[in-house]
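*Asks:*
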Ligand code: GUN
Ligand code: ZN
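Residue numbers (the working numbering): 47 to 488.
1) If contact is defined by three or more beta carbon pairs under 8 Å, each pair taking one atom from either stretch, is the stretch 392-400 in contact with the stretch 441-452?
2) Where do the N-terminal and C-terminal ends of the beta strand (DSSP E) with residue 169 fall, by residue?
3) Can you name, in chain order, every residue of its own chain whose Cβ lies under 7 Å from the Cβ of residue 409, other than the five neighbours on each side?
4) Based on DSSP bridge pairs, tell me the residues matched to residue 180.
5) What's the C-alpha gap between residue 421 and residue 92?
6) Distance check for residue 179 and residue 247, CA to CA, integer angstroms please.
7) With distances taken from each beta carbon to the nearest heavy atom of the ligand GUN, which residues come in below 6 Å, in chain order?
8) Could you please give the first and the last residue of the uninterrupted beta strand (DSSP E) stretch that includes residue 275?
9) In the DSSP output, what is residue 423 paired with across the bridge?
10) Would you call the CB atoms of residue 428 and residue 453 closer than 8 Å?
11) Given this structure, state the Cα-to-Cα distance separating residue 253 from residue 113, to the nearest angstrom.
12) Tell me whether residue 314, by its Cβ, gets closer than 7 Å to a heavy atom of the ligand ZN.
13) Could you pull the DSSP bridge partners for residue 54 from this structure?
14) According to DSSP, is residue 133 part of a helix, a strand, or is it coil?
15) Please report the Cβ distance between residue 276 and residue 304, rounded to the nearest whole angstrom; I am assuming they are in contact, meaning their Cβ atoms lie under 8 Å.
16) Looking at the secondary structure, which residues open and close the alpha helix (DSSP H) in which residue 287 lies?
17) I'd like to confirm something about residue 272: is its beta-carbon nearer than 7 Å to some heavy atom of the ligand ZN, or not?
18) Within 10 angstroms of the Cβ of residue 469, are there 16 or more other Cβ atoms? Answer buried if so, exposed if not.
19) Using 7 Å as the cut-off, classify the Cβ of residue 121 as near or not near the heavy atoms of the ligand ZN, replying yes or no.
20) Would you list the residues sitting across from residue 247 in a DSSP beta bridge?
21) Measure the Cβ-Cβ separation of residue 378 and residue 339 and say whether it is below 8 Å.
22) What does the Cβ neighbour count give for residue 387, buried or exposed, with the cut at 16 atoms within 10 Å?
23) In the structure shown, what three-state DSSP assignment does residue 482 receive?
24) Hey, which unbroken runs of the alpha helix (DSSP H) at 4 residues or more fall wholly within the stretch 316-402?
25) Of the choices 210, 216 and 104, whose alpha-carbon is the least far from that of residue 222?
26) Please report how far the alpha carbon of residue 481 lies from the alpha carbon of residue 196, in whole angstroms.
27) CB residue 245 to CB residue 205, shorter than 8 Å?
28) Pull the bridge partners of residue 175 from the DSSP assignment, please.
29) Can you tell me which of 135, 150, 117 and 137 puts its alpha carbon nearest to the alpha carbon of residue 171?
30) Can you grab the Cα-Cα spacing for the pair residue 441 / residue 381, in whole Å?
31) With DSSP as the reference, identify every bridge partner of residue 75, one or two as the case may be.
32) Keeping to the same chain, check which residues put their C-beta closer than 7 Å to that of residue 143; ignore five residues upstream and five downstream.
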């Protein structure tokens with residue numbers, strides 16, 4: 047853990063948001079050549095270029111670099127690094143052909159531990175310092191994921207995946223084990239370090255009504271639990287849910303009946319909804335994890351951000367790796383822009399950045415990350431404005447801050463990442479977190 051009496055001042059172009067940048071630039075805080083002050087694990091202030099930290103502060107010179115809050119990924123699958131970029135399938139076939147076999151391999155605890163640690167390392171190596179994560183149904187992998195986060199003092203939400211039908215035997219829950227292990231894991235990890243437990247029914251096709259009701263009961267039984275699942279991603283999936291739950295008005299209604307909606311619930315995708323569904327999401331305070339890379343890759347559909355936001359539903363941008371093809375949230379934001387462009391909608395740089403920083407943190411009820419206000423966790427990244435000559439050329443030509451940041455968002459990726467800090471401590475990005483084996487070992 048970082049010594050609470052360290053005083054570090056990081057100099058660079060500091061950017062965060064005071065509020066949601068809904069209309070215009072007022073919420074944008076850009077402090078070129080400023081100082082980000084970090085005392086121990088927390089942000090102690092930001093100084094403009096013309097102020098100087100007093101000599102107590104150890105100085106870190108990142109002039110000409112961009113200092114941003116660490117990215118927040120509201121929907122990502124740890125075991126799916128093994129199947130990222132798998133060819134040729136839509137959602138339901140992709141699950142059967144690629145995803146379930148990869149997840150079944152987590153039955154081997156050594157493999158699960160190695161994979162969980164590799165996953166956390168990769169998140170950080172892509173600039174993501176807080177995430178809501180799906181592991182698998184296997185408890186050792188869930189433990190390993192949380193252990194890795196606690197070791198680094200990292201904010202991570204997740205929970206044992208629940209699935210009791212329509213899946214391979216190796217991934218199928220038995221009802222008693224699902225309940226017992228979920229309770230044990232909640233008691234072990236919820237609120238430990240900076241972690242939170244998220245009940246994780248995979249989706250309505252792989253959970254019986256009884257299992258969804260168990261989730262609802264657990265959600266009511268423990269304070270502050272989160273919930274994550276998939277919703278209305280693909281048309282064939284939606285038809286299947288209609289056949290499995292004929293008594294429900296809609297896909298969302300299946301979850302609503304089980305008591306799964308609420309201000310700590312995050313629904314991934316939410317593409318194939320109607321106005322009643324959106325109103326119900328908004329009324330319950332539920333949020334949506336828009337996963338553009340995944341939606342394009344699997345050909346799932348175009349998420350309608352304008353209608354969703356107009357209904358009052360908070361939206362964050364997520365990677366959804368391994369259906370998404372990059373852990374880098376800059377790539378997710380660039381894909382989000384393109385998905386909206388196909389619908390005649392526009393996503394400016396401020397809304398895009400907000401949806402991978404402060405706005406995303408807010409959907410996870412982590413209001414102490416994603417910005418640089420006094421007392422926030424010092425989770426931040428240093429980015430270079432250009433990682434190659436084309437990026438440099440384009441960024442230098444920009445005539446306004448928005449033009450510059452937008453071009454950077456569209457062109458930059460993890461090659462631009464210079465340093466990552468979690469809870470005030472710089473994380474060595476080349477460290478081998480896969481303690482039990484050689485890097486790259488299965
Ligand atoms: N729906 C159910 N499981 C999954 C998954 O692992 N990925 C995606 N994209 N959708 C799902
Ligand atoms: Zn997913």
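Just so it is clear, CB atoms sit at the ideal spot from N, CA and C, and this is done for glycine as well.
*Replies:* By the coordinates alone:
1) yes
2) No beta strand (DSSP E) holds residue 169; the alpha helix (DSSP H) holding it covers 155-171.
3) 120, 312, 333, 360 and 362
4) 123
5) 11 Å
6) 12 Å
7) 123, 137, 141, 145, 248, 249, 276, 279, 340, 366 and 369
8) 272-277
9) 88
10) no
11) 42 Å
12) yes
13) 84 and 104
14) coil
15) No, residue 276 and residue 304 are not in contact; Cβ-Cβ is about 14 Å, not under 8 Å.
16) 281-290
17) no
18) buried
19) yes
20) 208
21) yes
22) exposed
23) The predicted position of residue 482 is uncertain, since its pLDDT is 36 and thus under 50; a value taken from the coordinates is nonetheless stated next. Three-state result, residue 482: coil.
24) 321-330, 338-343, 351-356, 375-387 and 395-400
25) 210
26) Reliability of the predicted coordinates at residue 481 is poor, the pLDDT of 39 falling under 50, and the value obtained from them is presented with this limitation in mind. Each residue's alpha carbon lies about 15 Å from the other.
27) yes
28) Beta-bridge pairing links residue 175 to no other residue.
29) 117
30) 19 Å
31) 62
32) 135
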